[in-house]
Structure formats: C-alpha cells, structure tokens
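Here's the structure we're looking at; comments come further down.
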DNA sequence: GTAGGGTTAG
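Residue numbers (the working numbering): 40 to 772.
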C-alpha cells in the first residue's frame with residue numbers, strides 16, 4: 040500500500056490562492072492528464088484537497104471528470120469526489136449524470152438530474168439532456184422521458200439533433216413508435232444517427248418491413264448509410280428470414296465500401312445462420328480475422344439450431360472462453376429440436392464442470408426440456424436450485440416453471456408458483472390457463488381468465504387458444520362459443536386456425552357434429568389439417584363412419600403422411616364392426632409403407648427416466664415387469680374386467696393375440712413398472728406420446744381402485760388423474 | 001472541456 044510519505048509522483052506544493060485566475064495550466068492538471076492508476080489519482084485528489092484547489096469549481100470539475108471517466112476509477116470513488124465538491128459547476132453535474140446513465144444504476148442519473156434542478160443554480164443545457172434521456176431510456180421510464188421531452192421544448196432545444204436522436208432512441212426503447220416517429224419528423228437536418236435510430240428501433244421491435252422502408256427513404260434522401268445502419272438492416276433481414284435479401288445486403292456493404300467491423304460481421308453471420316445458410320455462415324466465419332465471444336456463440340447457435348450438433352460441440356470445445364451464452368445456445372438447440380434428453384445431459388455436464396454459472400436463460404431452456412420429457416424430479420431440482428441461489432423469478436422463469444409443473448402433472452405446484460409471484464405478464468397468465476386446461480379443470484381456467492381481465496394485462500391470441508382448449512376439454516360449449524365470439528369485437532384478435540380447430544374439437548366432442556361441420560363451412564380461410572383432425576377425432580368418439588371418412592380424406596389431402604388419421608378412421612370402423620374397412624386401411628398402410636407411430640411411455644423413478652415401447656423387453660427388469668403385468672391382468676379379470684379391443688389398429692387377427700397386444704401397450708408396461716418401483720405414498724406418473732387407448736384408460740381406472748394408487752397419465756393432448764376407480768377427465772376425452 | 005445509434009443465448 041502506497042502512502043503519501045512515499046509519493047508516486049512529485050507534486051510541487053504551490054502556494055495556491057483559492058482563485059486560479061484562469062490559470063488552466065496549473066501543473067496539477069498536467070499530472071491529472073498523465074495519471075494512469077487509481078493511486079496516482081488519489082494522490083492528486085489529496086493534494087488538491089490540501090491546497091484548497093478543490094474549492095475552485097473549474098479545478099474540481101477536472102478532478103471529477105478524471106475520477107468519473109478514467110478506466111481505472113470506480114463510480115463509487117467518483118461519487119465520493121463529487122460529494123466533496125462544494126459548488127459543482129454544470130459540467131460536473133453533466134458528467135455525473137453521464138456516468139450514472141451508462142452504469143448499472145441508471146435511475147441514479149435521473150435522481151441526480153432532479154437534485155441538480157433543486158440544488159444548483161444551473162438550468163440543464165444541450166449536453167445535459169442526452170445524458171439524462173439516456174438514463175430514462177435505460178430505466179424504461181416512459182413518463183420520465185416524456186417530462187424531459189417537455190423540458191426540452193420549453194428550453195427551445197428541440198432543434199438540437201443530438202437531443203432529438205436521444206429522444207427517438209428513448210421512445211423506440213419504450214415501444215412508443217408513434218412518438219419516436221413524430222420526433223424524427225421534426226428533426227430538420229436528419230443525420231445518419233437519426234435514421235439509424237429509427238431503423239434499428241423498428242428492426243428491434245420486429246417491424247422489419249418498416250425498417251427496410253426507412254432504409255430506402257434514407258437512401259432517397261442521399262444520406263450515406265454506415266456500419267450501424269447496416270447492422271439494423273441485417274437485423275430486419277434476420278427477422279424476415281429472407282436469405283436472398285440478406286445476401287443482397289452483404290454485397291451492398293461490399294459495393295458501397297462500408298467499413299466492416301467486428302459487430303457488423305457478427306450481424307452478417309447471425310443473418311446467415313438464422314436464414315439457415317450454414318455454408319455462407321461457415322465461409323464468413325472462417326474468413327473473419329477477428330472473432331469475439333459473440334462470433335463464436337452465433338456460429339455455435341447456428342449449428343445447434345440446424346441440428347449440426349457435432350459441429351456445435353466442436354465450437355464449444357474450441358472457443359477461447361465458454362461463457363454461459365455458449366452453453367445456453369447448445370442446450371436450447373437440443374431443446375428446440377425436441378431432443379430434450381440431450382439438452383438435460385448438457386445441463387448436467389455444465390453443472391458438474393462448473394465452467395460457467397447457469398443463468399435465467401439456462402434454466403428456462405432446461406425447464407422446457409423437463410416439461411417435454413415430463414421429468415418432474417429434475418424440474419423440481421432446478422426449482423430448488425433457483426430458490427437456493429435466491430434468483431428472483433422473472434416472467435420468463437415463472438412461465439417456464441408453471442409450464443414444467445403443469446406438463447409434469449403437478450398442477451398444485453404450478454398454481455403455487457403462479458400465486459407466489461407478484462409480477463405476471465400475459466405469458467404467465469396464459470401458461471397457467473393452459474395448465475388448468477390440460478388437467479381438465481375448465482371451470483378453474485375460465486375463472487382465472489376472468490381474473491386476468493381485472494388486471495391491465497391484455498389477453499393475446501395464445502391466451503384464447505388456451506381458454507378455448509379449456510372449454511373443449513371440460514365440455515363447456517356455451518362458454519367456449521361466448522369467448523370465441525368476443526375475440527374480434529372485444530379484444531381485436533382475429534381468430535386463427537388454431538382457434539377454429541379448438542372450436543371444432545369442442546363442438547365435435549360434445550356430439551354437435553353437424554354444427555361442427557357448419558362451423559367449418561363458414562370459416563373465412565381454408566380449413567387446415569388440424570381442423571379436419573379435430574372433426575375426425577370427434578367422429579371416433581361418436582362413431583360416425585360417413586363423416587369420419589370425409590374428414591379423413593380431407594385431412595390426408597393436406598397431410599398424406601398422417602398415420603394418426605388412419606388409426607382414427609380404423610378405430611371408427613372397428614367400433615362399428617366394419618372389419619372390411621379396417622383391413623382395407625391396413626393394406627393401404629402396408630403398400631404405402633406408412634407406419635403407425637410407435638406408442639412410447641415414460642416414467643421417472645429417482646431421477647432416472649425409463650422408456651417403454653409396446654411389447655418391449657429391452658428393459659433390464661423386463662421379467663419382473665411382465666410377471667407383474669400378468670398378476671394385474673388376473674386381478675382385473677376377477678374384478679370383472681373385459682378387454683376393450685375397439686381401439687386397436689387391427690394388425691393381429693386372432694382374438695387371443697389381440698388381447699395379448701393390448702396387454703403389451705406401453706402405458707401398461709409403465710404402470711406395472713410404477714407399481715413395482717414407485718413408493719406407495721407417491722403417485723405413479725406416466726407420459727405417453729400418443730393418445731391413451733380406451734382399454735388402457737379402463738385398466739388404469741381399475742388399477743387405481745384395486746391397488747389403491749394414484750396414477751397420473753399424460754397423453755398427447757391432456758392429463759388423466761386416475762384415483763379410486765375414476766378419472767379426472769370423467770371419460771370425456 | 002462534455003452528446004446520440006449496433007451483433008449472440010429465452
């Protein structure tokens with residue numbers, strides 16, 4: 040520790056008077072200019088205090104600027120210096136606002152500004168406003184910015200292009216595009232930054248077309264674009280996923296001699312990966328002489344999202360520093376491509392290696408993977424980890440937790456999370472409504488939707504999909520029709536295909552097949568495969584062969600490879616004893632080599648996921664499982680169970696064999712495994728990739744009674760809670 | 001003596 044008795048610098052002891060007489064060449068300023076570390080700065084500070092130079096506002100401002108802006112100084116130290124200055128001048132106030140505006144506490148910038156208005160004799164000048172507007176931008180404080188805008192006008196400073204540009208950026212960041220545009224229009228001499236602020240603002244708000252239109256206007260006005268302009272334009276291309284236009288922009292940059300720096304190269308690279316051209320991305324990546332963490336992460340993300348996992352992994356292993364963004368890119372790449380097991384394994388690797396610390400984004404992706412897999416125990420661990428680290432739940436995390444708990448079958452925990460948070464955005468509300476819907480709690484879902492209306496949060500298109508889905512699963516036809524009718528007139532949300540599908544599903548399930556058909560006929564757009572699929576599903580429930588045939592052929596016109604359509608139609612035939620229809624379908628599937636998606640059920644025991652396929656004997660405990668299954672069948676038969684073969688795609692002709700095939704359904708294997716290895720106090724949680732068949736549904740009900748166990752089964756569309764011989768779906772599914 | 005706009009992971 041250096042002390043003042045061993046100075047690093049020799050500071051001549053001037054006999055200073057308090058006034059400096061405009062002697063700006065005071066030697067202490069020279070030292071200040073040459074100062075390279077904080078110890079030297081402190082010595083100068085001490086010297087100025089001793090000599091009283093600090094009482095001169097101009098000299099003090101010099102010291103303060105050095106304390107606030109030099110790379111080796113800290114904001115805390117600068118603040119201490121500021122507090123010692125008896126009469127800070129306007130320059131000093133401006134500098135303090137400036138450093139706070141770009142610090143981690145931008146709000147302080149606004150507060151200091153207010154203090155300046157009260158305590159100082161100065162009125163803000165053309166330099167003050169850009170700093171304080173930046174502070175308002177960083178805090179997303181619309182009313183503060185609006186007030187500042189008012190002050191700018193009163194001070195007759197609205198013609199200042201720097202201030203106007205700050206205001207444009209501010210309004211864009213707050214999402215007030217109209218105000219940004221108004222300020223933009225008022226700027227007399229728009230410079231390149233004015234245009235850039237509009238272009239990047241629009242691009243970041245997802246208004247790609249408007250951003251590109253702005254770019255065109257800019258060219259027409261003969262304002263020469265620079266590298267920042269092109270980053271904004273590329274961002275718009277990336278939103279549009281328009282590779283051809285992206286390539287044109289790349290060549291435009293080269294043709295117009297726009298200087299390409301690292302950031303611009305990164306933006307071009309991102310455009311190529313998002314527009315799915317790995318070739319273009321790779322060749323740019325290889326050519327780039329300078330790369331930073333963004334370059335590496337962008338390339339890694341491109342590989343991972345497009346399924347080139349080996350290449351992605353190689354980037355991770357060779358990049359100079361594996362920060363958390365890189366791990367997140369790999370995890371989300373797997374998760375978004377439905378490879379949840381791989382996503383979880385990367386997450387585990389990350390935790391064990393401790394190379395980087397998981398952040399909110401890591402947790403959101405990993406929770407989604409848990410939700411897909413139904414990995415409740417892993418999901419629970421992540422929730423515990425969040426609590427342990429004291430991570431505050433933001434809306435993204437809250438949504439992911441609610442989604443994970445709902446999809447893993449623990450609706451109570453999902454509700455706990457929902458009620459534990461103070462802040463809920465439209466995604467949080469929608470996720471909770473979806474959770475209740477998939478658990479068949481339609482009434483609760485609707486109640487929640489009503490409570491949502493009491494808040495300022497406006498429902499979006501997804502919210503309505505979830506509400507209609509809730510009505511459909513719970514048979515709430517009247518309510519569903521009301522909500523559907525309100526969408527456009529009350530909420531200004533035009534119904535989309537998924538809303539029509541939900542309505543057809545709802546009407547169809549309720550047996551209103553004619554009404555469902557009329558509804559389809561009145562659709563303002565061509566019905567999609569999922570609309571016909573909903574109708575076909577309803578036909579299966581209500582055994583309407585003729586309509587099923589029509590729905591199936593319309594569905595196959597749109598999606599010829601839809602194996603589910605054949606299965607559903609086959610079930611309709613089987614249900615009404617039309618075996619010739621069944622074998623015709625079977626033959627057709629054989630000829631076209633279309634295979635029914637294999638049924639697969641999953642169960643998690645002690646954090647390990649066990650997977651079963653129909654008739655599968657790959658499991659190491661296969662023998663025990665099958666003997667348990669035999670025991671169950673004997674027990675069920677003596678309780679009066681008769682196998683229900685109506686929903687079996689008739690691949691096996693003989694009766695005995697049919698029954699055998701039924702017994703081998705994957706969910707039955709998983710239930711047998713659960714009875715053997717899940718603690719008696721715990722529910723048996725199973726996840727199936729397809730819809731549960733009627734026979735398995737009755738069997739699960741009986742088992743829940745005979746063995747006095749709770750079984751929670753997630754199928755492709757919803758949950759079934761079996762308990763004491765009943766199912767939560769009330770056999771309406 | 002002070003100023004404004006940009007790229008990656010949800």
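Note that the Cβ used here is the ideal one computed from N, Cα and C, for glycine as well.
On a predicted model such as this, the values are computed, not experimentally measured, just so you know.
Could you give the distance in angstroms between the alpha-carbon of residue 210 and the alpha-carbon of residue 632? On the first chain, position 171 is the one that residue 210 refers to. On the first chain, position 593 is the one that residue 632 refers to. Spanning the two alpha carbons is a distance of roughly 58 Å.
Just tell me which of 731, 674, 713 and 243 has its CA closest to the CA of residue 701. To locate residue 701, count along the first chain from 1; it is residue 662. The shortest Cα separation from residue 701 among 731, 674, 713 and 243 belongs to 731.
What residue range does the beta strand (DSSP E) around residue 65 cover? Taking the first chain and counting its residues from 1, the one referred to as residue 65 is at position 26. Taken as a continuous stretch (DSSP letters only), residue 65 belongs to no beta strand (DSSP E), as it is neither H nor E.
Suppose you measure from the CA of residue 650 to the CA of residue 254; what does that come to, to the nearest Å? As a working note, residue 650 is residue 611 in the first chain. As a working note, residue 254 is residue 215 in the first chain. Whole-angstrom Cα-Cα distance: 54 Å.
Please go through the stretch 556–584 and give each complete alpha helix (DSSP H) segment of 4 or more residues, from N-terminal end onward. 568–581
Contacts around residue 620, its chain only, beta-carbon distance under 6 Å, and the 5 residues preceding and following it disregarded: For the purposes of this step, residue 620 is taken as the residue at position 581 of the first chain. So the list reads 612, once near-sequence residues are dropped.
Mind listing, in chain order, the continuous alpha helix (DSSP H) runs of no fewer than 4 residues lying wholly within the stretch 401–467? 415–427, 434–446 and 450–459
Identity of the residue in 411, 466, 363 and 141 nearest residue 433 by Cα: One-based indexing of the first chain puts residue 433 at position 394. It is 466 whose Cα lies nearest to the Cα of residue 433.
For residue 67 and residue 83, what's the separation of their Cα atoms in angstroms? One-based indexing of the first chain puts residue 67 at position 28. One-based indexing of the first chain puts residue 83 at position 44. Rounded to the nearest angstrom, the two C-alpha atoms are 7 Å apart.
Give me the Cβ distance between residue 728 and residue 639, rounded to the nearest whole Å; I'm assuming they're in contact under 8 Å. Locating residue 728 in the first chain gives position 689, counting from the first residue. Locating residue 639 in the first chain gives position 600, counting from the first residue. Going by Cβ atoms, the distance from residue 728 to residue 639 rounds to 5 Å, so yes, they are a contact pair.
Report the partner residues of residue 766 according to the DSSP bridge assignment. By one-based count along the first chain, residue 766 stands at place 727. Looking at the DSSP assignment, residue 766 forms a beta bridge with 761.
Check whether the stretch 755–769 and the stretch 670–683 touch, using three or more Cβ-Cβ pairs below 8 Å as the test. no
Under 9 Å, do residue 607 and residue 654 count as touching if we go by C-beta distance? Locating residue 607 in the first chain gives position 568, counting from the first residue. Locating residue 654 in the first chain gives position 615, counting from the first residue. Not a contact, by the Cβ cut-off of 9 Å.
What span of residues does the alpha helix (DSSP H) with residue 212 cover, start to end? Position 173 of the first chain, counted from the first residue, corresponds to residue 212. Residues 200–212.
Go to residue 231, then tell me how far its alpha helix (DSSP H) extends in each direction, as first and last residue. Here residue 231 is taken as the residue at index 192 of the first chain, counted from 1. From DSSP, the alpha helix (DSSP H) with residue 231 extends over 231–243.
Residue 652, enclosing beta strand (DSSP E) - first and last residue: If you number the first chain from 1, residue 652 lands on position 613. 647–652 is the extent of the beta strand (DSSP E) around residue 652.
Relative to the alpha-carbon of residue 586, which residue among 597, 601, 561 and 554 has its alpha-carbon at the smallest distance? As a working note, residue 586 is residue 547 in the first chain. It is 554.
Reference residue 158, options 180, 379 and 128, closest by Cα: Counted from its first residue, the first chain places residue 158 at position 119. The option with the nearest alpha carbon to residue 158 is 128.
Just how far apart, CA to CA, sit residue 249 and residue 216? Counted from its first residue, the first chain places residue 249 at position 210. Counted from its first residue, the first chain places residue 216 at position 177. Cα-Cα distance, rounded: 11 Å.
Using the three-state DSSP reduction, which class does residue 714 fall into: helix, strand or coil? For the purposes of this step, residue 714 is identified with residue 675 of the first chain, where counting begins at 1. Residue 714: helix per DSSP, three-state reduction.
For residue 643, write down the residues that DSSP places opposite it in a beta bridge. Mapped onto the first chain, residue 643 falls at position 604. In DSSP, residue 643 forms a bridge with 648.
Residue 156 (DSSP reduced to helix, strand or coil): Locating residue 156 in the first chain gives position 117, where the first residue counts as 1. Three-state DSSP puts residue 156 in a helix.
Can you say whether residue 391 is buried or exposed, counting buried as having 16 or more other CB atoms within 10 angstroms of its CB? What you label residue 391 is simply residue 352 of the first chain in a count that begins at 1. Exposed, by the Cβ-count rule.
Could you pull the DSSP bridge partners for residue 727 from this structure? Numbered from its first residue, the first chain carries residue 727 at position 688. DSSP lists 640 as partners of residue 727.
Which residues mark the beginning and the end of the alpha helix (DSSP H) in which residue 280 is found? Indexing the first chain from 1 puts residue 280 at position 241. It is not in any alpha helix (DSSP H) - residue 280 carries neither H nor E in the DSSP assignment.
Who are residue 750's beta bridge partners in DSSP? As a working mapping, residue 750 is identified with position 711 in the first chain. DSSP, once it has assigned bridges, lists 723 and 761 as partnering residue 750.
Boundaries of the alpha helix (DSSP H) in which residue 630 is found, first to last residue: For the purposes of this step, residue 630 is taken as residue 591 along the first chain, with counting starting at 1. Run containing residue 630: 618–630, per the alpha helix (DSSP H) assignment.
For residue 561 and residue 179, what's the separation of their Cα atoms in angstroms? The residue labelled residue 561 in the question sits at position 522 within the first chain. The residue labelled residue 179 in the question sits at position 140 within the first chain. Cα to Cα, the separation comes out at about 45 Å.
Looking at the structure shown, is residue 287 part of a helix, part of a strand, or coil, going by DSSP? Walking along the first chain from the start, residue 287 turns up at place 248. Residue 287 falls in the helix class under three-state DSSP.
9 Å Cβ cutoff met for residue 103 and residue 131: For the purposes of this step, residue 103 is identified with residue 64 of the first chain, where counting begins at 1. For the purposes of this step, residue 131 is identified with residue 92 of the first chain, where counting begins at 1. Going by C-beta atoms, residue 103 is nearer than 9 Å to residue 131.
Are at least three pairs of beta-carbons, each pair with one atom in the stretch 352–363 and one in the stretch 373–383, less than 8 Å apart? no
Does DSSP put residue 308 in a helix, a strand or coil? Counting from one through the first chain, the residue named residue 308 turns up at place 269. Helix at residue 308.
For a test of the three-state rule: what should DSSP assign to residue 538, helix, strand or coil? As a position in the first chain, residue 538 is number 499, starting the count at 1. Helix.
For residue 134, collect the residues of the same chain with a Cβ closer than 8 Å to its Cβ; drop the 5 residues on either side in sequence, then sort them by chain order. Working through the first chain from its first residue, we reach residue 134 at position 95. Correct list, in chain order: 100, 103, 104, 107 and 108.
Residue nearest to residue 295 in terms of C-alpha spacing, selected from 304, 266, 302 and 309: Start at 1 with the first residue of the first chain, and residue 295 comes out as number 256. For the residues 304, 266, 302 and 309, the minimum Cα distance to residue 295 belongs to 266.
Could you work out which residue in 504, 509 and 516 is closest to residue 537 when comparing CA atoms only? Against the first chain, residue 537 aligns to sequence position 498. When each option's Cα is compared against that of residue 537, the closest is 504.
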